[in-house]
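Asks: Residue numbers (the working numbering), protein chains in the order written: chain U, 1 to 277; chain H, 278 to 554; chain W, 555 to 831.
Structure incoming, see below.
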């Protein structure tokens, strides 16, 4: 299976696997309908050797910020040479562009709406505006480009068709500013990025944003405490803050749900405040 | 991967892929339990080359109408030669037949309860009543024929075993009338077929049911408006009706949920009314 | 595909399939996040031939008992030689061991917390304490060992690396007593093991626990009735008890939800009582 290499601490393979290309799906389509199934059906019809992996389909509907956070923090765990098909597409059927981005290690396919704006210029090899209808379904709907454009392009790309076959090269993608940490009178103010299945609250702080390891962390007015190693660092039922396994400051409750404990629901605009000691 | 052909506007492949047969699963089993996993385990044990794709497992429990709508509107997006395993089976353990239907382009396996009654006689090559216990699990339960009968039959079929090995040919399957559009004094009356993940409401109207493109659409007593191109055709937060990407009249709210906007819950019997202009 | 064999009534294959090893995932991670996707990405990066099957990811968070019940009653339906990766891991980051268990027919990978305590000593060939960091990700987090340890070990194992490469052999795994049937003055008392997607209530009784086939079954104070064949044995809307397709006494409502009918929610401690006739 080739020599193992390490990329940012993650095991990856050096070469694109033409025998079994991997296509990773990230969408806000959910699993209630057949939308995801049909995308896989289209790809399987074009390339039966493609391996399809669901990253998640539970991005909150139309939430580009959440989609960008999800792709940004997960894409490197997939084999180098993989194709990331990511669709959170509130502007489907309007004039927003359809993209294929080739980077040093991956391909990204999806709408040009900020979903991929975490990619650094230095990483990007080329950006293609998807235009060549030879690689789309015959009829293009106004509401389901994941099926009509993105899935067939991913299927053809996985067969080894060159990126520049799919349309003209362009120089820029839409950029959206990521959540920033703001300075306040008494310390720092950050945001909630994600609430996970366990009710853990992921914040916009990374380790290098923290003033020091003894700073005090608040969720709105409520004290969480100082930075710990893991949720087992506190007693059961107590809140705890630590750097999660993706490098972000996360708030949990040992054996419970921080979202319940702090009454945080998806979409909450509560601030995460840090007071320097 | 063979020559591409177009079937009803969908890209498909001309030949059955014996190297990697595709089996598509549509059930009301949900993903809370291991029911779907076990079905895949049985198939993988019989044919490790089979590619398994989840169409959806979120058909409302025991709802044959919803299952039929789901299979009917999605099956053509999968590669020709694929096997559709569809199980919504409230009559499991009673005398309802177990079916294998071969059509010009696909195979369908599941209970004989109306799930497949959308298939036209002209499409069907043969209908097999599954009887040959050599291709079932050794012990047949009274409550889980998807595991004991349908999954092993799909696995053996994918290995190339001929359909008529599985049981005697029969001439008919159970037919259930699809939702019809009814004429009323003031126009037309149709039904809700499905509410999707986004809260979009799929109705039983197709384009050829609509009197003209300027007709006025109501959900019960509430006005939706005239037919538009896509949800982006109206302002954010407003309701909109358009022909969806599967050919059905759909009601949405731009950037929101039509189910919430119109207070429609799964199983709602509200009528979709169309007044001619 | 080799000769078919029968193991406890289940079709299995005699030999490990090195061409396409199967890895089965059972977790409490849910599908809301990318946790499961990333595990698959790690495995696919190590062995692109591995076939990945989701058993379920909807074990109630941190519920080891439910995880053990799930793995115990499902693992035999997967091909012999498969690798079961099972992670319900409230003690992640503490001193609990990480295990690879080889049995006569399967491999099991996961935390040493009782999840695998259903395995009989006579079945087990060897137990490995996972220690060899050559087969882990380079950086080990304190909160996501499924990604950092269990997934890469499963990937390497599926490539044919010998179990004893992963760490020293140990003699015991953590044992947790399974739910028992207790004798009471008036009969027997058992527990609720699981509530499924349909609202069916799985109990801790198996057929050999029942005093006779005419015993009377109660859920708390409420009468369910005598043992029947299947849910179709009673009228629609009525409760019914039968031996389910996994060998356990199950309580259902024909065409409905027993959990709703009896007001049982996940985690309910209601007893299932059996009065001898």
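Using N, Cα and C, we set each Cβ at its ideal position, and we do this for glycine too.
For residue 505 (chain H), report the span of its beta strand (DSSP E) as first-last.
Replies: Mapped onto the second chain, residue 505 (chain H) falls at position 228. Run containing residue 505 (chain H): 499-505, per the beta strand (DSSP E) assignment.
Asks: Between the alpha carbons of residue 609 (chain W) and residue 492 (chain H), how many angstroms are there, rounded?
Replies: Within the third chain, residue 609 (chain W) is the residue found at index 55, counting from 1. Within the second chain, residue 492 (chain H) is the residue found at index 215, counting from 1. Answer to the nearest angstrom: the Cα atoms are 49 Å apart.
Asks: Looking at residue 43 (chain U) and residue 23 (chain U), is the spacing between their C-beta atoms short of 8 Å?
Replies: As a first step, residue 23 (chain U) must be located in the first chain, where it is residue number 23. As a first step, residue 43 (chain U) must be located in the first chain, where it is residue number 43. When the beta-carbon positions are compared, residue 23 (chain U) and residue 43 (chain U) come within less than 8 Å of each other.
Asks: Taking Cβ-Cβ distances shorter than 8 Å, what residues in chain U pair up with residue 494 (chain H)?
Replies: As a working note, residue 494 (chain H) is residue 217 in the second chain. Those within 8 Å of residue 494 (chain H) in chain U number zero; the least Cβ separation is about 17 Å.
Asks: What are the uninterrupted segments assigned as alpha helix (DSSP H) that are 4 or more residues long and contained completely in the stretch 598-679 of chain W, given in chain order?
Replies: 618-628
Asks: Hey, does residue 585 (chain W) have any beta-carbon neighbour from chain U nearer than 8 Å?
Replies: In the third chain, the residue the question calls residue 585 (chain W) occupies position 31. Taking Cβ atoms only, chain U reaches closer than 8 Å to residue 585 (chain W), which makes this a yes.
Asks: Straight-line CA distance for residue 276 (chain U) to residue 121 (chain U)?
Replies: On the first chain, position 276 is the one that residue 276 (chain U) refers to. On the first chain, position 121 is the one that residue 121 (chain U) refers to. Going by the C-alpha atoms only, they are around 34 Å apart.
Asks: Under three-state DSSP, which class holds residue 261 (chain U)?
Replies: Numbered from 1 along the first chain, position 261 holds the residue referred to as residue 261 (chain U). It is helical.
Asks: Give a yes or no on contact between the stretch 242-257 of chain U and the stretch 165-178 of chain U, applying the rule of three or more CB pairs nearer than 8 Å.
Replies: no
Asks: If we ignore side chains and look at the alpha-carbon of each, how far apart do residue 326 (chain H) and residue 52 (chain U) end up?
Replies: The residue you call residue 326 (chain H) lines up with position 49 of the second chain. The residue you call residue 52 (chain U) lines up with position 52 of the first chain. Those two C-alpha atoms are separated by around 15 Å.
Asks: Residues in its own chain within less than 8 Å of residue 135 (chain U) by CB, not counting five upstream and five downstream?
Replies: One-based indexing of the first chain puts residue 135 (chain U) at position 135. Excluding residues within five positions, the ones whose Cβ falls inside 8 Å are 152, 153, 156, 161, 165 and 166.
Asks: Return the chain-ordered list of same chain residues with a C-beta closer than 7 Å to the C-beta of residue 724 (chain W), the five sequence neighbours on each side being excluded.
Replies: Translated into the one-based positions of the third chain, residue 724 (chain W) becomes position 170. Hits under 7 Å: 681 and 683.
Asks: Checking contacts by CB at 8 Å: is residue 812 (chain W) closer than that to chain H?
Replies: Within the third chain, the letter at position 258 stands for residue 812 (chain W). It does not: the Cβ of residue 812 (chain W) has no partner Cβ on chain H nearer than 8 Å.
Asks: Using DSSP with H/G/I as helix, E/B as strand and the rest coil, what is residue 299 (chain H)?
Replies: Reading the second chain from its first residue, position 22 is the one you call residue 299 (chain H). Correct three-state label for residue 299 (chain H): strand.
Asks: Would the stretch 347-366 of chain H and the stretch 639-658 of chain W be scored as touching if the rule is three or more Cβ pairs under 8 Å?
Replies: In short, these stretches do not touch, since the Cβ pair count stays below three.
Asks: To which residues of the same chain is residue 537 (chain H) closer than 6 Å at the C-beta, ignoring the five residues directly before and after it?
Replies: Residue 537 (chain H) sits at position 260 when you count from the first residue of the second chain. Result list for residue 537 (chain H): 476, in chain order.
Asks: Return helix, strand or coil for residue 827 (chain W), following the three-state DSSP convention.
Replies: Counting from one through the third chain, the residue named residue 827 (chain W) turns up at place 273. Judged by DSSP in its simplified three-state form, residue 827 (chain W) adopts strand.
Asks: Using a Cβ cut-off of 9 Å, pull out every chain H residue sitting near residue 574 (chain W), in sequence order please.
Replies: Working through the third chain from its first residue, we reach residue 574 (chain W) at position 20. Those are 321, 325 and 326, listed as they occur along chain H.
Asks: Is the beta carbon of residue 551 (chain H) sitting closer than 8 Å to the one on residue 469 (chain H)?
Replies: Counted from its first residue, the second chain places residue 551 (chain H) at position 274. Counted from its first residue, the second chain places residue 469 (chain H) at position 192. Result no, Cβ atoms of residue 551 (chain H) and residue 469 (chain H) do not sit closer than 8 Å.
Asks: Rounding to the nearest angstrom, what Cα-Cα distance links residue 485 (chain H) and residue 524 (chain H) in this structure?
Replies: Counted from its first residue, the second chain places residue 485 (chain H) at position 208. Counted from its first residue, the second chain places residue 524 (chain H) at position 247. Cα-Cα distance, rounded: 10 Å.
Asks: For a quick check, are the C-beta atoms of residue 62 (chain U) and residue 28 (chain U) less than 8 Å apart?
Replies: Within the first chain, the letter at position 62 stands for residue 62 (chain U). Within the first chain, the letter at position 28 stands for residue 28 (chain U). Yes, the Cβ-Cβ distance between residue 62 (chain U) and residue 28 (chain U) is below 8 Å.
Asks: List, in chain order, every chain W residue whose beta-carbon is nearer than 7 Å to that of residue 339 (chain H).
Replies: If you number the second chain from 1, residue 339 (chain H) lands on position 62. Under a criterion of Cβ atoms nearer than 7 Å, the residues of chain W adjacent to residue 339 (chain H) are, in order, 809.
Asks: Applying the 10 Å Cβ sphere with the 16-neighbour rule, what's the burial state of residue 679 (chain W)?
Replies: Within the third chain, the letter at position 125 stands for residue 679 (chain W). Residue 679 (chain W) comes out exposed.
Asks: Kindly list the residues whose CB is nearer than 7 Å to the CB of residue 776 (chain W), restricted to its own chain and excluding five residues on each side of it in sequence; keep chain order.
Replies: Counting from one through the third chain, the residue named residue 776 (chain W) turns up at place 222. Counting only Cβ-Cβ distances below 7 Å, and skipping sequence neighbours, we find 816.
Asks: Helix, strand or coil: how does DSSP classify residue 516 (chain H) here?
Replies: Residue numbering aside, residue 516 (chain H) sits at position 239 when the second chain is read from its first letter. Residue 516 (chain H): strand per DSSP, three-state reduction.
Asks: Applying a beta-carbon distance threshold of less than 7 Å, which residues of chain H neighbour residue 607 (chain W)?
Replies: For this step, residue 607 (chain W) is matched to residue 53 along the third chain. The contact set of residue 607 (chain W) on chain H, defined by CB atoms closer than 7 Å, consists of 314, 317, 318 and 321 in chain order.
Asks: Run through chain U and tell me which residues come within less than 8 Å of residue 644 (chain W), C-beta to C-beta.
Replies: As a first step, residue 644 (chain W) must be located in the third chain, where it is residue number 90. In chain order: 255.
Asks: Does DSSP put residue 563 (chain W) in a helix, in a strand, or in coil?
Replies: For this step, residue 563 (chain W) is matched to residue 9 along the third chain. With a pLDDT of only 44 at residue 563 (chain W), under the threshold of 50, the placement of this residue in the model should not be trusted; the figure read from the coordinates follows. Here residue 563 (chain W) sits in coil by DSSP.
Asks: Chain H partners of residue 147 (chain U), CB-CB under 8 Å?
Replies: On the first chain, residue 147 (chain U) is found 147 positions in, with the first residue counted as 1. Here the neighbours are 354 and 522.
Asks: Since residue 98 (chain U) contacts residue 145 (chain U) with CB under 8 Å, what's their CB separation in whole angstroms?
Replies: Here the question's residue 98 (chain U) lines up with position 98 in the first chain. Here the question's residue 145 (chain U) lines up with position 145 in the first chain. With 8 Å as the limit, residue 98 (chain U) and residue 145 (chain U) qualify as a contact, their Cβ atoms being about 6 Å apart.
Asks: Going by beta carbon distance, what residues of the same chain come within less than 7 Å of residue 381 (chain H), once the five residues before and after it are set aside?
Replies: Against the second chain, residue 381 (chain H) aligns to sequence position 104. The answer, listed in chain order, is 400 and 402.
Asks: For residue 820 (chain W), I'd like the list of residues in its chain whose CB is within less than 8 Å of its CB, leaving aside the five on either flank, ordered along the chain.
Replies: On the third chain, residue 820 (chain W) is found 266 positions in, with the first residue counted as 1. Answer for residue 820 (chain W): 614 and 749, listed in chain order.
Asks: Please name the residue in H:480, H:436, H:317 and H:389 whose C-alpha comes closest to that of residue 296 (chain H).
Replies: Position 19 of the second chain holds residue 296 (chain H). The residue with the shortest Cα to Cα distance from residue 296 (chain H) is H:436.
Asks: Any chance you could list the alpha helix (DSSP H) runs of at least 4 consecutive residues sitting entirely within the stretch 152-178 of chain U, in chain order?
Replies: none
Asks: Distance, Cα to Cα, residue 298 (chain H) vs residue 357 (chain H)?
Replies: Within the second chain, residue 298 (chain H) is the residue found at index 21, counting from 1. Within the second chain, residue 357 (chain H) is the residue found at index 80, counting from 1. Rounded to whole angstroms, residue 298 (chain H) to residue 357 (chain H) spans 10 Å at the Cα level.
Asks: Under 8 Å Cβ-Cβ, which residues of chain W neighbour residue 131 (chain U)?
Replies: Locating residue 131 (chain U) in the first chain gives position 131, where the first residue counts as 1. Those do not exist, as residue 131 (chain U) stays about 30 Å from chain W at its closest Cβ, beyond 8 Å.
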